[in-house]
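First the structure, in the form of structure tokens, and then the observations on it.
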Amino acid sequence: MTEPTVAVIGAGIGGLTAAIALRAKGIDVEVYEAAPEPRDSGTALGIASNATKVLRSLGIDLTTDAFCSALEHFELRTARGRLIRALPGAAITAELGHPFVSIHRNELIRTLRNAAADTPVHYGAEVVDLGIERCGVRAICADGTEVRGAVLIGADGFRSAVRSVVAGEQATSEYGYLCWLATVRFSHPRMVPGYTGHYWGRGQRFGLIDIGGGMAYWWGTKNMPAARARDWNGGKADVRSAFDGWAPEVVDAIERTPADAIVSVPGQDRPILKQWGTGPVTLLGDAAHPMLTSRSQGASSAVEDGYVLAEAIARISDPVEALRAYEDRRRGRAGMLVRSSRRLNRLEQTQNPIACAARNFGMRYAPMRSLTRNTTRPMRFDLGWTA
Ligand SMILES: Cc1cc2nc3c(=O)[nH]c(=O)nc-3n(C[C@H](O)[C@H](O)[C@H](O)COP(=O)(O)OP(=O)(O)OC[C@H]3O[C@@H](n4cnc5c(N)ncnc54)[C@H](O)[C@@H]3O)c2cc1C
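Just so you know, the sequence shown maps onto residues 1 to 387 in the working numbering.
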């Protein structure tokens, strides 16, 4: 393998964005990915306005992708489908100047991979260890090959091997719920273009989202002991029974989804790191700051990381100083998003009937201005760099 200036470990959303942003600055970068080929995913995700703003600045417009839909209508409903509150999704994102999109993961990765153009992405390169040397860093792959770079970026996700070297082994933080998710060809009168519906039950919620091309993305959660969520081995019948009696479109979306298309993930994040790097090594995205899904900011903040990292490396001649400057700029915002996701998750997963009633009442009657402010705050991101 060659020796780039920057070695990015992980060709996920964060790693590829970093590679695109670095390449746009004329910096030599190569990406090393454990999987033998681009990973195939059956799910989708929301990319918030802060991230679409970054991607736009890198010349990437997700709204032209086939399985991608910009948020127009956001509706909050009870489990049985009664409207709690409708939020003007299109007006809110218009105020931010950039859309909130829901997109199939395969489509997003394909678009990022295309934008990375001739940046080398080495598949089948699973990094298992690192050695910091006088003039850079050396990573050792599972097959014995070595990767070198002046700096190394651990963009290797939730179970990051690079994080283990930087911060040691850490237990996951578990939140006692399971999330099922899938994409499916689906139509329903309620699912107009740009529809996102969140249905709130007791210790359970469901999201039904248009991703364009006649496809829907759905996710459903259910509280359960953390160990059961972690070792989940149930099937579609359990999902069906968890949402029995919910709004017809919820039941219908589950019904139409093939059993083997349903993925399950326990509700987890990790303790907030004080230090993201050491010497010529740093972390990015889930490797640095995994977060619960409530704010749709895990991938979106990884996109921000990639952008800021490239700015730092391009502006600061000493690579180690550049990595520390990147971390200083990102730690506060990432920590805020982790904590904010935890707070919102607590509210959303609450099981107590009185707390649920108060939550729904609060959402129904809260002033629109404060709802809009709370929704847009995490999505505000400044592309500028001040010394
Ligand atoms: C149920 C669910 C719903 C979500 N919904 C949203 C959402 O709506 N919006 C949002 O913004 N975020 C969402 N997220 C979070 C989002 O998926 C992650 O934050 C995002 O994928 C992080 O990107 P990343 O590039 O840091 O890591 P990843 O996407 O995990 O990519 C890491 C890459 O590194 C590779 N890798 C791993 N180990 C190694 C190794 N040792 N050597 C080399 N390569 C390695 C992996 O194969 C992978 O390709 C959701 C997460 C879950 C679980």
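Ideal Cβ placement from N, Cα and C applies to all residues, glycine included.
Only a predicted model underlies this, so the values are computations on that prediction, with no experimental measurement involved.
Excluding sequence positions up to five away, which residues of its chain have a Cβ less than 7 Å from the Cβ of residue i?
i: ARG270; result: GLN170, THR172, SER173, PRO290
i: THR372; result: ILE92
i: THR111; result: ILE60, LEU62, ASP65
i: SER187; result: GLY214
i: SER340; result: ARG295, PRO378
i: ARG330; result: ASP305, VAL308
i: GLY235; result: ALA259
Go ahead and label residue i buried or exposed: buried means 16 or more other beta carbons lie within 10 angstroms of its beta carbon, across all protein chains shown.
i: TYR32; result: buried
i: SER300; result: buried
i: ALA117; result: exposed
i: GLY157; result: buried
i: LEU400; result: For residue 400 there is no data in the structure shown, the boundaries of the chain being 1 and 387.
i: LYS25; result: exposed
i: MET191; result: buried
i: ASP40; result: exposed
i: TRP385; result: exposed
i: GLN297; result: buried
If the criterion is Cβ atoms closer than 8 Å, does the pair residue i and residue j meet it?
i: ALA310; j: ILE60; result: no
i: GLY14; j: ALA155; result: yes
i: THR293; j: VAL184; result: no
i: VAL281; j: VAL121; result: no
i: LEU208; j: GLU249; result: yes
i: ALA79; j: TRP219; result: no
i: TYR307; j: THR17; result: yes
i: ARG163; j: LEU283; result: yes
i: GLY277; j: GLU327; result: yes
i: ILE132; j: ILE9; result: no
i: SER160; j: ALA287; result: yes
i: ALA312; j: ALA325; result: yes
i: ILE211; j: SER49; result: no
Can you give me the Cβ contacts of residue i inside the same chain, cut-off strictly under 6 Å, excluding the 5 residues immediately before and after it?
i: TRP232; result: LEU178, SER264
i: LEU22; result: VAL6, VAL29, ALA310
i: PHE206; result: TYR199, GLY220, VAL250
i: ALA19; result: VAL8, VAL29, VAL31, ALA116, THR119
i: TRP180; result: GLY220, VAL239, ILE262, SER264
Compare the C-beta of residue i with all C-beta atoms of chain B and state if any pair is closer than 8 Å.
i: ASP143; result: Going by chain labels, chain B is absent from the structure shown, which holds only one protein chain.
With DSSP run on the structure shown, which of helix, strand or coil describes residue i?
i: LYS236; result: helix
i: PRO353; result: helix
i: PRO266; result: strand
i: LEU16; result: helix
i: VAL165; result: helix
i: GLY197; result: strand
i: ARG380; result: coil
i: GLU37; result: coil
i: GLY207; result: strand
i: ASP252; result: helix
i: LYS53; result: helix
i: THR43; result: coil
i: MET363; result: helix
i: ILE109; result: helix
i: ASP143; result: coil
i: ALA216; result: strand
i: GLU327; result: helix
Short of 8 Å in beta carbon distance, which residues of its chain neighbour residue i, apart from the five on each side in sequence? Order them along the chain.
i: PRO36; result: TYR123, GLY124
Cβ contact check for the stretch 101 to 120 and the stretch 65 to 77: 3 or more pairs under 8 Å: Yes, the stretch 101 to 120 is in contact with the stretch 65 to 77.
Cβ pair count under 8 Å reaching 3, the stretch 360 to 367 against the stretch 82 to 99: Judged by Cβ distances under 8 Å, the stretch 360 to 367 makes contact with the stretch 82 to 99, as three or more pairs qualify.
The stretch 42 to 53 touching the stretch 96 to 103, judged by at least three CB pairs closer than 8 Å: The way I'd put it, the stretch 42 to 53 does touch the stretch 96 to 103; three or more beta-carbon pairs between them come closer than 8 Å.
Three-pair Cβ contact test at 8 Å for the stretch 140 to 152 versus the stretch 119 to 128: Contact between the stretch 140 to 152 and the stretch 119 to 128 is present: 3 or more CB-CB pairs across the two stretches fall below 8 Å.
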